[in-house]
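Asks:
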Amino acid sequence: NAGVTQTPKFQVLKTGQSMTLQCAQDMNHNSMYWYRQDPGMGLRLIYYSASEGTTDKGEVPNGYNVSRLNKREFSLRLESAAPSQTSVYFCASSDRGWDKNIQYFGAGTRLSVL
Amino acid sequence: DQQVKQNSPSLSVQEGRISILNCDYTNSMFDYFLWYKKYPAEGPTFLISISSIKDKNEDGRFTVFLNKSAKHLSLHIVPSQPGDSAVYFCAARAAGNKLTFGGGTRVLVKP
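Sequences listed follow chains C and R, in order. Counting in this note's numbering, the first sequence runs from 1 upward without gaps. Counting in this note's numbering, the second sequence runs from 115 upward without gaps.
What follows is the structure, given as structure tokens:
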């Protein structure tokens, strides 16, 4: 019963390097999300995908791009990493519908940009 | 401008006593509220929720109260157990099922 799986769990980058964070869910959910968590800031939405084939910006999208590869997978790309992107990144998924508000989260990717 | 605020960054409580976590919001368009629990090195897990048309929802030891006029919600944990030690986030839903999270409250339950 995997739920939401994120890879990698840890990553260290140098400023200017690029990388892609992977996320996959096996719950047949329509919607997927990327958040970042910083101390005292809670979780802030970077991008989300309401359904396969659509993506939209969240609260803090600058410096990131996303791809909804299929219904299961939603990736987050940092084209040119900056120290301000040091954070813990969480992927989440949810079903659609007024009564289906619960988002299920992966275990996170801890990223350090030096 | 934080639309969802948890003003207490930490809370310490004795095992068996009540834990009360508070959350304030500013956006009157929020129509659904959730509490998540997070252990270190894990993702947040859903705990309990409440619709804006209700003022109370209970699930075992956990009760969430909503005061719409005050734009305030609280989570009560009774009795508190050592396994409840974690960070708790409140979240509010706006259009498109997007959640806005508070900054979190770290709870420590002492045996």
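Backbone N, C-alpha and C define an ideal beta-carbon position, used for all residues, glycine too.
Measure from the alpha carbon of C:Gln129 to the alpha carbon of each residue in C:Ser31, C:Phe105, C:Glu52 and C:Arg96, then state which is nearest.
Replies: Residue 129 of chain C is absent from the structure shown; chain C starts at 1 and stops at 114.
Asks: What's the C-alpha gap between R:Ser133 and R:Phe176?
Replies: Sequence index remark: in the second sequence, residue 133 of chain R carries index 19 (1-based). Sequence index remark: in the second sequence, residue 176 of chain R carries index 62 (1-based). Their Cα atoms are separated by approximately 10 Å.
Asks: So within the stretch 44-89 of chain C, which uninterrupted beta strand (DSSP E) runs reach at least 3 residues, ignoring any that extend past its ends?
Replies: 64-68 and 74-78
Asks: Between R:Ser122 and the rest of its own chain, which residues show a CB-CB distance below 8 Å, the 5 nearest in sequence each way excluded?
Replies: Within the second sequence, numbered from 1, the residue matching residue 122 of chain R stands at position 8. Excluding sequence neighbours, R:Ser122 sits near Leu135, Asn136 and Thr219.
Asks: Given this structure, state the Cα-to-Cα distance separating R:Gly174 from R:Lys152, to the nearest angstrom.
Replies: As a position in the second sequence, residue 174 of chain R is number 60, starting the count at 1. As a position in the second sequence, residue 152 of chain R is number 38, starting the count at 1. It is roughly 19 Å from the alpha-carbon of R:Gly174 to the alpha-carbon of R:Lys152.
Asks: On the DSSP letters alone, give me the boundaries of the beta strand (DSSP E) that R:Leu161 sits inside.
Replies: For the purposes of this step, residue 161 of chain R is taken as the residue at position 47 of the second sequence. Element bounds for R:Leu161: Thr159 to Ser165.
Asks: Just the Cα atoms here: how many angstroms apart are C:Ser18 and R:Leu148?
Replies: Numbered from its first residue, the first sequence carries residue 18 of chain C at position 18. Numbered from its first residue, the second sequence carries residue 148 of chain R at position 34. C-alpha separation (whole angstroms): 34 Å.
Asks: Does the stretch 11-29 of chain C come within contact of the stretch 40-48 of chain C, defined as at least 3 CB pairs closer than 8 Å?
Replies: no
Asks: Run through DSSP, which three-state label would C:Ala92 get?
Replies: Here residue 92 of chain C corresponds to residue number 92 of the first sequence, with the count starting at 1. DSSP places C:Ala92 in strand when its eight states are reduced to three.
Asks: List the residues of chain R that C:Ala2 touches, going by C-beta distances under 7 Å, in chain order.
Replies: Taking the first residue of the first sequence as 1, we reach residue 2 of chain C at position 2. Ordered by position in chain R, no residue passes the 7 Å Cβ test against C:Ala2, which lies about 12 Å from the chain.
Asks: Opposite R:Ile134 in the DSSP bridges: which residues?
Replies: As a first step, residue 134 of chain R must be located in the second sequence, where it is residue number 20. R:His190, per the DSSP bridge assignment.
Asks: Is there at least one Cβ from chain R nearer than 7 Å to C:Ala107's Cβ?
Replies: Indexing the first sequence from 1 puts residue 107 of chain C at position 107. Using beta-carbon distances, C:Ala107 counts as an interface residue toward chain R, with a partner under 7 Å.
Asks: Of all Cβ atoms in chain R, is any one closer than 7 Å to the Cβ of C:Met41?
Replies: Numbered from 1 along the first sequence, position 41 holds the residue referred to as residue 41 of chain C. At least one chain R Cβ lies under 7 Å of C:Met41.
Asks: If you run the structure through DSSP and keep just helix, strand and coil, what is R:Ala205?
Replies: By 1-based counting over the second sequence, the position of residue 205 of chain R is 91. Three-state result, R:Ala205: strand.
Asks: Can you list the residues of chain R that C:Gly53 reaches, using a CB-CB cut of under 9 Å?
Replies: What you label residue 53 of chain C is simply residue 53 of the first sequence in a count that begins at 1. The contacting residues do not exist; C:Gly53 stays about 15 Å from chain R at best.
Asks: Leaving out the 5 sequence neighbours to the left and right, which residues in its chain are closer than 8 Å to R:Leu222 when beta-carbon positions are compared?
Replies: Numbered from 1 along the second sequence, position 108 holds the residue referred to as residue 222 of chain R. Close CB contacts of R:Leu222 within its chain, under the 8 Å cut and outside five residues either way in sequence, are with Ser124, Leu125, Ser126, Val127 and Ser199 (chain order).
Asks: Closer than 7 Å, CB to CB, is C:Phe10 near chain R or not?
Replies: Taking the first residue of the first sequence as 1, we reach residue 10 of chain C at position 10. Not a single C-beta of chain R is nearer than 7 Å to the C-beta of C:Phe10.
Asks: I'd like to know whether the C-beta of C:Phe90 is nearer than 7 Å to at least one C-beta of chain R.
Replies: For the purposes of this step, residue 90 of chain C is taken as residue 90 along the first sequence, with counting starting at 1. It does: the Cβ of C:Phe90 has a partner Cβ on chain R nearer than 7 Å.
Asks: State yes or no: is the beta carbon of R:Glu172 nearer than 7 Å to at least one beta carbon in chain C?
Replies: Locating residue 172 of chain R in the second sequence gives position 58, counting from the first residue. Chain C contact via Cβ: absent.
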